[in-house]
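Notes follow once the structure below has been shown.
Residue numbers (my numbering): 1428 to 2134.
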């Protein structure tokens, strides 16, 4: 019906400035209002109308004419069927499909995890926010009847009549006329009239006078307030990268671990990188070093190599004996053997000191440490720590001077540059041979739990659970202490106190070779205590070993039950730790300073006495007498310590004058079982344990027969 009226006599078309205006009669005005609005909008954007109306613009060759599209107005709606539409039956069309709509957000993640600091792990979050905001507009308008609006009105001192007056004034403003509308006709005719209540309000508004809110003013209140200023700067945006992946707890942990490693590496680089001042100092040093042509540091290593070569040529006869000489007279002796003196190590500044400790390096077999001090408590003074090599008998490789006498030394088995030292004043220290400093890298003090009496022995142990190096010490104050190297300090832990049952003082100790927690402690009153690291309040066993102080106690390298001890009461005793009585007892007719097991046999041991003699025993050959009793120093000199080389058939002995003598064992003192032709003879523990067990079984049988 609307299209028919548009095509009637009441329609007039006109095109002005790109608009198409249509004037209609009053009959169809209300019915076609929306269509006319759409028609004008489409014509302005030069787009065809949706349903029926088509506007054709000017053609280049034609005059100003408009094609009204009369035929398209008269056409009805035609349905267009897509070629891929399915043909459904009536039953299929009437079929209902139920879909349940929930309030859950399909885009909300369901597997969010966050770190729980209380439980120290990542845990999934059960509650997920399902709310989705499609449109948010923050405004500052408040409804006039609300509590907030009334509170603001009361605060500003504005009455409700003034608010109503403003609203009425807004309503009385003339609206812009709309073309073709009924309201515009009424406004043109002047049919609008003012309401009487608005006239009253206007009259009241004119009568109101705004009073001054301030009763007085001062000069202080007339100062100018600085306007607020905003300062901003523009920077480059940070780099961005898009990354997406499915993450689990392990990947998150690995990422944090890698990030921590990177941070630690960066910190190390910053530490290693010198500052500008340090760089300037280094440059100056480099310039001075370049100018000095006689710098000794450049040829330090070369000079040592040349020194070893010169000494090898100088002591060529001794080097040949060390390498190739074997005492041929042993073939004419049944059991006895001899000791061949090789080199004597001495240092001029240590002549008045006694050798208090000896220790071989387990990695560099020609390298050993010598501790120097004095056992006379009335003449205590300085001490020395020397490191000698068989390749250079004329001068020590390293020299450390100490304020107190060195009583004991032990070199770490794996880290051969770490050396633990015990002093007469009760301190323990750790030296690092890689450091160029003359001072120890670790040192105990009174605050860190140092001993109150001389430290008689130190021993390195396996690293703890945190991979920290640690060693043990025993002292005359009765404490056995574990020292742990943590960062830059020594942390002590008391393992056991020997004065539990008596006033015993520790003099020597040794740890079991196979059982990590088991160790023996010798005391000043001649007793030996078998202890455990796990029990600090009691002893596992106590042996009444000697009548005087126990100078040394050592476990056998091969048999797990056997240990040996010596004392100043002239006795050397061999024990089975499962029995409280000794298995062997030897009287050496002089105070015994030290005793040690051979590393190549379970039945060979050596001891030194104060009369300057070295005694070597082999229990598998002779159970009663030594195979060798040989004086290696003058009678007035006392031998204090002895050690077997871990590889070579060499003994080193130290005396009370600061000398260290190296001795080579003759073939009779290091006999090995004969190898059968075509068969490889067993070596090590497979042979040595049965050899010692055979001796112990014979002694047990003889003891039972005597009983």
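Every residue, glycine too, gets a C-beta built ideally from N, C-alpha and C.
Query, Result
"Any idea if residue 1744 is buried or exposed, counting beta-carbon neighbours within 10 angstroms, 16 or more meaning buried?", "exposed"
"Looking only at its chain, what residues have a beta carbon closer than 7 Å to the beta carbon of residue 1801, apart from the 5 residues adjacent to it on each side?", "1780, 1781, 1807 and 1832"
"Flag this pair as yes or no: are the beta carbons of residue 1766 and residue 2055 separated by less than 8 Å?", "yes"
"Apart from the five residues on each side of it in sequence, which residues of its chain come closer than 8 Å, Cβ to Cβ, to residue 1936?", "1884, 1886, 1899, 1901, 1907, 1946, 1947, 1948, 1949 and 1980"
"Are the beta-carbon atoms of residue 2002 and residue 2019 separated by less than 8 Å?", "no"
"Suppose contacts are defined by Cβ-Cβ distances below 8 Å. Is residue 2082 in contact with residue 2067 by that definition?", "yes"
"What number of angstroms, rounded off, separates the C-alpha of residue 1526 from the C-alpha of residue 1518?", "19 Å"
"Can you list, in chain order, the residues of its chain whose CB lies under 7 Å from that of residue 2024, leaving out five sequence neighbours each side?", "1981, 1983, 1984, 1991 and 2032"
"Output the distance between the C-alpha atoms of residue 1868 and residue 1855, rounded to the nearest integer angstrom.", "11 Å"
"Could you tell me the alpha carbon to alpha carbon distance between residue 1803 and residue 1952, rounded to whole angstroms?", "19 Å"
"Indicate whether residue 1875 and residue 1919 have their beta-carbon atoms separated by less than 8 Å.", "yes"
"Tell me which same chain residues have a C-beta within less than 6 Å of the C-beta of residue 1903, skipping the five on either side of it?", "1880, 1881 and 1932"
"Between the segment 1662-1670 and the segment 1536-1556, do at least 3 Cβ pairs fall closer than 8 Å?", "no"
"Which residue comes first and which comes last in the beta strand (DSSP E) that contains residue 1906?", "1906-1913"
"If contact is defined by three or more beta carbon pairs under 8 Å, each pair taking one atom from either stretch, is the segment 1811-1822 in contact with the segment 2113-2128?", "no"
"On the criterion of 16 or more Cβ atoms from any shown chain inside 10 Å, does residue 1533 qualify as buried, or is it exposed?", "exposed"
"Name, in chain order, the residues that DSSP records as bridge partners for residue 1937.", "1947"
"I need the DSSP call for residue 1679, collapsed to helix, strand or coil.", "helix"
"Below 8 Å CB to CB, which residues in the same chain sit around residue 1569 once its five sequence neighbours on both sides are set aside?", "1575, 1576 and 1579"
"Flag this pair as yes or no: are the beta carbons of residue 1939 and residue 2119 separated by less than 8 Å?", "no"
"Taking the C-alpha atoms as reference points, what is the distance between residue 1809 and residue 1835?", "14 Å"
"Out of 1961, 1786, 2000 and 1676, state which residue places its alpha-carbon closest to the alpha-carbon of residue 1974.", "2000"
"Would you check if the distance between the CB atom of residue 2095 and the CB atom of residue 1750 is smaller than 8 Å?", "no"
"For residue 1552, which residues from the same chain have a beta carbon less than 8 Å from its beta carbon, with the 5 sequence-adjacent residues on both sides left out?", "1539, 1540 and 1541"
"Along the chain, where does the alpha helix (DSSP H) containing residue 1735 start, and where does it finish?", "1727-1741"
"For residue 2036 and residue 1976, what's the separation of their Cα atoms in angstroms?", "15 Å"
"What number of angstroms, rounded off, separates the C-alpha of residue 1561 from the C-alpha of residue 1670?", "26 Å"
"Between residue 1968 and residue 1958, what straight-line distance do the alpha-carbon atoms span, to the nearest angstrom?", "7 Å"
"Please classify residue 1970: does DSSP put it in a helix, a strand, or coil?", "strand"
"Do you know whose CA, among 1516, 2017 and 2097, lies nearest residue 2063's CA?", "2017"
"Could you spell out the range, first to last residue, of the beta strand (DSSP E) harbouring residue 2042?", "2040-2045"
"If you compare alpha carbons, which of 1956, 1972 and 1971 is closest to residue 1965?", "1956"
"Is the beta carbon of residue 1768 less than 8 Å from the beta carbon of residue 2090?", "yes"
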